[in-house]
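Visitor:
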Amino acid sequence: MSLRRFLIFLVIFASVFIMADSIFLNFYFGPPYPKIIPEYGLWIETGVPNANVYVDGYFVGQTDIFGILIIQFKEEGYHTIKIDADNFMPFTKTLYIEKDGVRIYVNLEKAGKIMVFSNVYPVNVYVNGNYYGTINNETEAMKIPAGSNQIIFSSPGYEYISKKLFLDFKEVKIFELNFIPKKLEMNIETNYTEFSPNNDWFRDTWDLRIYLSTFANVKIEIYNKETGELVLERTFQGKPNYNYFTWKGENAGDGDYLVKIIAENGKEKVERKITVTVDRKKYVYIKQIFLASMLAILLFVILGL
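Numbering (my numbering), first residue to last: -12 to 292.
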């Protein structure tokens, strides 16, 4: 194609008006673009060609070679606009579209990419104190702003890793990370230490929250305090943050029970103890009150009272 033909092609390149919620398209040959914004229109100008534009989560088109896209809506209202282009950071903004139209100029921030080769996944990424997302494997790349950045990598149950990085525009930087497990710590929490597994709909079970700082094997042993008999044993693979255990009172009569919680990871071991009381004689009539209320409401509906 000759230079002249190419220039002619540029001159006649169309800016597209997209009618939201409609398949109708208007082509305005130009530039020049229309002198005024159409009714309920949104004029987006980025200076970046082929940038993807989304409205309320739906893809509506790309900017032209001049970085411009004009979208026309049917009525006034709020809309969330997202602009995403290769080698630039995504831009998101909520706008109110008026009848006279809105025009915005968006200076997209230049970006590069990072990749992570790690001994564990997922890896959470924080850039200059802000969460940017999660990398789940070595093939994923994440866009971050070009320039000087302080990056923190974290993974549940492991010490975080901090890196300083100067990233050039369009540069891809690969990090090799070796996360070190956190020291094993465990805390236990419960809302009550006495329950009555008698099906009265009030404290029929005993619930325990087990907080772990890192991954560990957890064993729960429940002993009758009077006889020393082991009435229940449970083991599971604990994960960082909260783990949950529920005891329904099985294999246990009324009385006091010693609950041992043991966490170990091959190098460290932590143990906690708590006493729990089972008392089925304590009965609350919540179930009966609820069922009677529902029956009364049903009778009112049937009888039309």
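Using N, Cα and C, we set each Cβ at its ideal position, and we do this for glycine too.
Alpha carbons only, please: which of W234, K256, E213, G34 is nearest the one belonging to G225?
Guide: Numbered from 1 along the sequence shown, position 238 holds the residue referred to as residue 225. Measuring from the Cα of G225, the nearest candidate turns out to be K256.
Visitor: Note down the Cα distance separating F14 from P77, rounded to an integer number of angstroms.
Guide: Residue 14 sits at position 27 when you count from the first residue of the sequence shown. Residue 77 sits at position 90 when you count from the first residue of the sequence shown. Confidence at F14 is low in this model, with a pLDDT of 36, below 50, so the placement of that residue is unreliable and no value is reported for it.
Visitor: I need the DSSP call for V159, collapsed to helix, strand or coil.
Guide: As a position in the sequence shown, residue 159 is number 172, starting the count at 1. It is a strand residue.
Visitor: Indicate the three-state DSSP secondary structure (helix, strand or coil) for L95 in the structure shown.
Guide: By one-based count along the sequence shown, residue 95 stands at place 108. Residue state, collapsed to three classes: coil.
Visitor: Going by the CB atoms, is the gap between E32 and T58 shorter than 8 Å?
Guide: Counting from 1 along the sequence shown, the entry for residue 58 is found at position 71. Counting from 1 along the sequence shown, the entry for residue 32 is found at position 45. Looking at the sequence shown, residue 58 is not Thr but Ile. Their beta carbons are not under 8 Å apart, which means I58 does not touch E32 by this criterion.
Visitor: Taking the straight line between their C-alpha atoms, what separation do you get for N124 and V110?
Guide: Residue mapping note: residue 124 aligns to position 137 of the sequence shown, counting from 1. Residue mapping note: residue 110 aligns to position 123 of the sequence shown, counting from 1. Looking at the two C-alpha atoms, the distance is approximately 8 Å.
Visitor: Which same chain residues end up closer than 7 Å to F(-4) when comparing Cβ atoms and leaving out the 5 residues on each side of it in sequence?
Guide: By 1-based counting over the sequence shown, the position of residue -4 is 9. Its pLDDT being 44, under 50, F(-4) is placed unreliably in this model, and the value from its coordinates should be taken loosely. Closer than 7 Å at Cβ, skipping near neighbours: no residue.
Visitor: If you draw a straight line from the alpha carbon of I161 to that of N178, how long is it in whole angstroms?
Guide: Residue 161 sits at position 174 when you count from the first residue of the sequence shown. Residue 178 sits at position 191 when you count from the first residue of the sequence shown. So the two alpha carbons sit approximately 47 Å from each other.
Visitor: Taking DSSP as the reference, what is the three-state secondary structure of V288?
Guide: Taking the first residue of the sequence shown as 1, we reach residue 288 at position 301. Correct three-state label for V288: helix.
Visitor: From the DSSP output, in three-state form, read off F60 for me.
Guide: Here residue 60 refers to the residue found at position 73 of the sequence shown. In this structure, F60 counts as coil in the three-state DSSP scheme.
Visitor: By Cβ distance, which residues of its chain are closer than 6 Å to K206, with the 5 residues on each side in sequence left out?
Guide: Here residue 206 corresponds to residue number 219 of the sequence shown, with the count starting at 1. Counting only Cβ-Cβ distances below 6 Å, and skipping sequence neighbours, we find T222, I249.
Visitor: Examine the Cβ distances between the stretch 207 to 219 and the stretch 279 to 290 and report whether three or more of them are shorter than 8 Å.
Guide: In short, these stretches do not touch, since the Cβ pair count stays below three.
Visitor: Figure out for me which residue from P184, D155, Y147, V265 has the closest Cα to the Cα of P168.
Guide: The residue labelled residue 168 in the question sits at position 181 within the sequence shown. It is Y147.
Visitor: Indicate whether Y145 and F166 have their beta-carbon atoms separated by less than 8 Å.
Guide: Walking along the sequence shown from the start, residue 145 turns up at place 158. Walking along the sequence shown from the start, residue 166 turns up at place 179. Yes, these two residues count as a Cβ contact at 8 Å.
Visitor: Output the boundary residues of the beta strand (DSSP E) element that contains F78.
Guide: The sequence position of residue 78 within the sequence shown is 91, counting from 1. That run of the beta strand (DSSP E) goes 78 to 84.
Visitor: Please classify D51 as buried or exposed, where buried requires at least 16 other C-beta atoms within 10 Å of its C-beta.
Guide: Residue mapping note: residue 51 aligns to position 64 of the sequence shown, counting from 1. The residue in question, D51, is buried, as its Cβ has 16 or more Cβ neighbours within 10 Å.
Visitor: For the beta strand (DSSP E) containing A239, list its first residue and its last residue.
Guide: The residue given as residue 239 occupies position 252 in the sequence shown. Taken as a continuous stretch (DSSP letters only), A239 belongs to no beta strand (DSSP E), as it is neither H nor E.
Visitor: Tell me which residues share the same chain as P25 and place their Cβ nearer than 8 Å to its Cβ, disregarding the 5 neighbours each side in the sequence.
Guide: The sequence position of residue 25 within the sequence shown is 38, counting from 1. Hits under 8 Å: F4, I57, Q59, G88.
Visitor: Starting from A203, follow its DSSP beta bridges and name the residues at the other end.
Guide: For this step, residue 203 is matched to residue 216 along the sequence shown. Answer is G225.
Visitor: Measure the C-alpha to C-alpha separation of L219 and P227 and round it to an integer number of angstroms.
Guide: By 1-based counting over the sequence shown, the position of residue 219 is 232. By 1-based counting over the sequence shown, the position of residue 227 is 240. Computed Cα separation, rounded: 24 Å.
Visitor: When you measure from the CB of P184 to every non-hydrogen atom of the ligand PLP, does any distance come out below 7 Å?
Guide: The ligand PLP is not among the ligands present in this structure, which contains no ligands whatsoever.
Visitor: Identify whether S105 lies in helix, strand or coil by the three-state DSSP scheme.
Guide: Start at 1 with the first residue of the sequence shown, and residue 105 comes out as number 118. Three-state DSSP puts S105 in a strand.
Visitor: Apply the 10 Å Cβ neighbour rule to I84 and answer buried if 16 or more other Cβ atoms are within range, or exposed otherwise.
Guide: What you label residue 84 is simply residue 97 of the sequence shown in a count that begins at 1. Buried, because 16 or more other Cβ atoms sit within 10 Å of the Cβ of I84.
Visitor: Report yes if the C-beta distance between I101 and I70 is below 8 Å; otherwise report no.
Guide: Looking up residue 101 in the sequence shown gives position 114. Looking up residue 70 in the sequence shown gives position 83. Not closer than 8 Å, so no.
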